[in-house]
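Just below is one structure, and these are the notes that go with it.
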Amino acid sequence: MWKNNWRDQIWDNLEIPWDLIVVGGGITGAGILREASRAGLRALLVEAQDFASGTSSRSSKLVHGGFRYLKNAQINLTLESVHERQRLLREGRGLIYPLGFIMPTYKNDPIPAWLLGIGLSIYDLMALKWGHRHYDPKGIYELCPQLQGSRLLGGFRYIDAQTDDARLVIRLIREAVRDGGTAINYSQVVDLCRLRSKQVCGIVLKDLAPGTKGRIIEIKTPVVINATGAWADNLRVKVGAKPRLRHLRGSHLIFPEKKLPISRAVSFWHPQDGRPVFAYPWEGVTIVGTTDVDMGSQLQIDPCISPEEVEYLMSAVSHVFPDLGIILNDVQATYSGIRAVLDTGKADPSKESREYVLWNESGLLTITGGKLTTFRLMAHSALRAIRRHLPGRPTFNSKLRVLDIPSPKALNDLDLNGSTQLRLLGRYGQDVDGLVETMKSGEIEPVDQIQTLWGEIRWAAHAEGVVHLDDLLLRRVRLGLQLPKGGIPWIDRIRAIIQPELCWDDLRWDQEVSTYQELWKRCYSLENHNE
Ligand code: FAD
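Just so we're aligned: 455 in numbering that gives the first Met the number 0 is position 456 of the sequence shown, and the numbers increase by one with no gaps anywhere.
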């Protein structure tokens, strides 16, 4: 699957009669492709950039009920998310894992401790699992000695979950392809085909991959699903619909674990505006986020953190962890994602609802908003909405597992500890045997201090649809976020592994490295901020 030449093979066969086409290869599109393929539909997913390159690789990576949404009375969203979290924890072991949170309470917090206690009880009741507990100041300080301790009144401990967002997307897409679905990256829908009645009846697709001369094809289909996330209005206006989305940027700072060494997530209120902010361990680094700022009409493909957001997040860090003496130079990487919310004109962007929206306009079904956590529900809802246009009016079984059960054979032959095995199973599912068989000697070792194995880099280049270097370093593996300087100090060994796998000549390699470095400096670091 997705070995050399795979894109050309798909392009050569795009003119078959598809039952449906999904536009957008983030978590929403991936979830829809997954459910459509397992229902036996001929489904095609097209993605303008790389799979998961939109918001779905730039989320906070929490699989959570969204305790804070209770504050805005988004009960339904919280309830659904809590149920999905529990299900993903059961059915996505190794990729979705529990994460302990603590919520310290201080004098003058915007929400009093007694109300938090009630909220957390409701949160636990929704999950039918009692997980939270109240601690006195000493108890909470023992759980997290890095906290500002002098004003501490106590706090709570509770449980949520986290994941690797981009890997979740890739796993869903690959399971869909295994079930007969088709997915292609770097293929942008530049227009919609329409009948005389103005109903949408297909797409015009342009190849954006290098060396393809921007070939264009018209593909007919009875159903087009617009799962383009923050960019959804761009397709909607092509059928005459009015833009309805508000675009909010959320940014994160990443610190090396040794600079901000916390073993649990810490949820606290920002001292400036009382918004909830999180600091949490993730895959060997510590992430702090997020912001929530209006982007106006500047909807870039690669959003970047602004100096004001950096200041906002740094002041949150020094407020809660004053004794760690964290300074700007400690920031290892940054990233920003764009959230699409229904624009109801609320003055405070954080008050806009995080529920997803579903619109059918002239046969174009748009599904956007929502959360990573609720992708399965969104997929079912989209497919139910267009069911009557599908052959045989298929039913979509919501009882099927979210992710397939892998049945590895080769994994047991490797000398790996239980947690690494589980991690590989979660990330690669049924592909884990392919990964193991492709590994060369010495590639069972982790890269530096992080959990990623060198063999995962080879596998990504070998079989995971990598077109550009940033696909590999920012999404298939996450070295661009986890290692200093975006992983560039390790680039010689990476080159030795992937250049032959991808058949890139030296000129292409140099171009890819320089484009990656430019992107990383601009959107994944503070290097340009210091100039
Ligand atoms: P995207 O992932 O953006 O995918 C849309 C895709 O469509 C893009 O890849 C884009 O390239 C493609 N596209 C656009 N136009 C075209 C075209 N013309 N042709 C082909 N393709 C096209 N949710 C959680 O559950 N937990 C969290 O911790 C969390 N944290 C978040 C933090 C931030 C800062 C933000 C912004 C959101 C967060 N969310 C979280 C929400 C979640 O990340 C998003 O709801 C989700 O990733 C959106 O996925 P999507 O597939 O709809 O959009």
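By construction, the Cβ of each residue, glycine as well, lies at the ideal position given by its N, Cα and C atoms.
Please read these numbers as outputs of a predicted model, since none were measured by experiment.
So, is W129 buried or exposed, given that buried needs 16 or more other C-beta atoms within 10 angstroms? exposed
With a 10 Å radius around its C-beta and 16 neighbouring C-beta atoms as the bar for buried, classify G344 as buried or exposed. exposed
Ordered along the chain, which non-local residues of its own chain (more than five positions away) have a Cβ less than 7 Å from that of D108? W268
C-beta contact flag for Y134 and G154 at 8 Å: yes
Spatial distance of R170 from L32 (CA atoms): 12 Å
Grab the span of the alpha helix (DSSP H) containing D432 for me, first residue to last. V431 to T437
If you compare alpha carbons, which of V176, I215 and L252 is closest to I326? L252
Leaving out five residues before and five after D329 in sequence, what residues of the same chain have Cβ atoms less than 7 Å from its Cβ? F254 and K258
What did DSSP end up calling I218 once you bin it into helix, strand or coil? strand
So is the beta-carbon of K128 under 7 Å away from any non-hydrogen atom of the ligand FAD? no
Check V203 in the structure and name its three-state DSSP category. strand
May I have a chain-ordered list of the alpha helix (DSSP H) segments no shorter than 4 residues that lie completely inside the segment 40-119? 74-90
Using three-state DSSP, classify H528 as helix, strand or coil. coil
Straight-line Cα distance separating R507 from E500: 13 Å
What residue from L525, W453 and Q145 has the CA that sits closest to A264's CA? Q145
Just to confirm, is the Cβ distance from Q73 to R477 under 8 Å? no
Going by CA-CA distance only, name the one from L78, E217, R274 and D178 that's closest to M125. L78
My guess is that T372 and E174 are in contact by the Cβ rule of under 8 Å, so how many angstroms apart are they, rounded? At roughly 18 Å, the Cβ-Cβ gap does not stay under 8 Å, so T372 and E174 are not in contact.
Could you say which of A462, R492 and A226 lies nearest to I26 if we only look at CA atoms? A226
Terminal residues of the continuous beta strand (DSSP E) containing C192? S186 to R193
Any chance the CB of W358 is under 7 Å from a heavy atom of the ligand FAD? no
State whether the segment 160-167 contacts the segment 87-99, with contact taken as three or more CB pairs (one from each stretch) at a distance under 8 Å. yes
Rounded to whole angstroms, how far is the Cβ of P445 from the Cβ of L424, which I believe are closer than 8 Å? Between L424 and P445 the Cβ distance is about 17 Å, and since that is not below 8 Å, they are no contact.
At 4 residues or longer, what runs of the alpha helix (DSSP H) sit wholly inside the segment 423-499? 431-437, 453-462 and 478-481
DSSP bridge partner residues for T285 (one or two, in chain order): F254 and P280
May I ask you to report which of helix, strand or coil DSSP gives Y157? strand
The alpha helix (DSSP H) that contains R6, what's its start and end? W5 to D11
Take V199 and list the residues in its own chain whose beta-carbon comes closer than 8 Å to its own, dropping the five residues that flank it on each side. L191, C192, R193, V223, V238, S361, G362 and L363
Between the alpha carbons of I20 and E217, how many angstroms are there, rounded? 12 Å
Would you check whether the ligand FAD has a heavy atom nearer than 7 Å to the C-beta of K350? no
Span separating the alpha-carbon of P405 from that of I15: 31 Å
Quickly, what does DSSP pair G336 with across the bridge? List them, please. G249
Let me check understanding here. Comparing Cα to Cα, which of W281, Q271, D301 and L312 lies closest to T290? L312
Examine the ligand FAD and report whether any of its heavy atoms sits within less than 7 Å of the Cβ of K345. no
Determine, using beta carbons only, whether L473 and I456 come nearer to each other than 8 Å. no
What are the partner residues of Y355, as DSSP defines its beta bridges? G368
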